[in-house]
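What follows is a single structure, written as structure tokens, with notes after it.
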Amino acid sequence: MLEIQNLNVYYGAIHALKGINLKINQGEIVTLIGANGAGKTTTLRTISGIEKAKSGDILYKGKSIKSLSAPDMVKAGISHSPEGRRVFSTMSVLENLELGAYTRKDKVQVKKDMDYIFSLFPRLLERREQYAGTLSGGEQQMLAIGRALLSRPKLLLLDEPSMGLAPLIVKEIFSIIKDINKKGTTILLVEQNANMALQCAHRAYIIQNGKIDIEGDTESLLNDNKVKEAYLAG
């Protein structure tokens, strides 16, 4: 579904992504894990058109999308739930969700999809008229994922969905991510919580200093001594 080929991204003189290669097949959850500053968020931002690559290519369903704008990425079927959630704090939960469907004209189906989001996240239904800024961190994360899903993505990019959340909420979020995938959405998951990410995903890439260091199926990586020592300690 998506293939990154020898991608290089710079921030001024800083070489943030150094020739990375990555592939996601339809129906998979693939996780990209690594330390702070390793290049995880840059990878997602480049896929979704927010950052521009200096060289290399990004193929989506066999076609290059490297030059598409971020809004065109959404229209193509790629949606991005960003790091830090980035909800619109002075807008209601319902208004935030409606923004996720801004490219769509099929109002009847949007209503059905809204009902689906509320079935995934019942707390959002209870708080639909509240300002998003009054929600807890976990509720804001649910809102960010729900907003991304309302564009009906074929590929969902999730950036650090567990960041700053209590362990019980993290467990709930990862359970919902699996449910979303079972409904047919392919997911690229960026995470610092390597243990949870590897238990959730089918395959994984480990990025270090802008380069892919290790890749493989998650079962083998969970049992890899190098991975255990570097990412799963404790």
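Going by this note's numbering, the sequence shown wraps up at 234, each residue one higher than the last.
Where is the CB? At the ideal position from N, CA and C, for every residue including glycine.
Keep in mind the model is a prediction, meaning the values are calculated, not measured.
Checklist line | Residue environment, Arg85, which counts as buried when at least 16 other CB atoms sit within 10 Å | finding: Looking at its Cβ environment, which holds 16 or more other Cβ atoms inside 10 Å, Arg85 is buried.
Check: How would you call Val87, buried or exposed, if buried means at least 16 neighbouring beta carbons within 10 angstroms?
Finding: Buried: at least 16 other Cβ atoms inside 10 Å.
Item checked: Contact set for Ile65: own chain, Cβ-Cβ below 6 Å, skip 5 residues either direction -> Excluding its 5 nearest sequence neighbours in each direction, Ile65 has C-beta neighbours in its own chain below 6 Å: Ile58, listed in chain order.
Notebook entry, point to check: Whose C-alpha, out of Leu150, Gln140, Gly62, Tyr131, is nearest the C-alpha of Gly100?
Noted result: Of all alpha-carbon atoms in Leu150, Gln140, Gly62, Tyr131, the one lying nearest the alpha-carbon of Gly100 is that of Leu150.
Checklist line | Sequence-distant residues of its chain with Cβ nearer than 6 Å to Gly133 (five each side left out) | finding: Same-chain partners within the cutoff: Ser89.
Item checked: Helix, strand or coil at Leu236 according to DSSP, with G and I counted as helix -> Nothing can be reported for residue 236, as the shown portion of the chain is limited to 1 through 234.
Next item on the list: Please confirm if the segment 200 to 210 is in contact with the segment 13 to 26, defined as three or more CB-CB distances below 8 Å between the two stretches.
Entry: Enough Cβ pairs lie closer than 8 Å, so yes.
Next item on the list: Can you check DSSP and say which residues form a bridge with Ile14?
Entry: Paired residues: Tyr11.
Checklist line | Through-space distance from Thr185 to Tyr116, alpha-carbon basis | finding: Going from the Cα of Tyr116 to the Cα of Thr185 covers about 14 Å.
Notebook entry, point to check: By how many angstroms is the C-alpha of Glu229 removed from the C-alpha of Arg104?
Noted result: Approximately 46 Å between the Cα atoms of the pair.
Check: Which residues bound the alpha helix (DSSP H) around Gly137?
Finding: Unbroken alpha helix (DSSP H) run through Gly137: 137 to 149.
Notebook entry, point to check: Where Lys171 and Ser119 are concerned, what is the direct C-alpha to C-alpha distance, given to the nearest angstrom?
Noted result: Taking the straight line joining both Cα atoms gives about 17 Å.
Notebook entry, point to check: Just the Cα atoms here: how many angstroms apart are Leu189 and Asp106?
Noted result: If you take the alpha carbons of Leu189 and Asp106, they lie about 28 Å apart.
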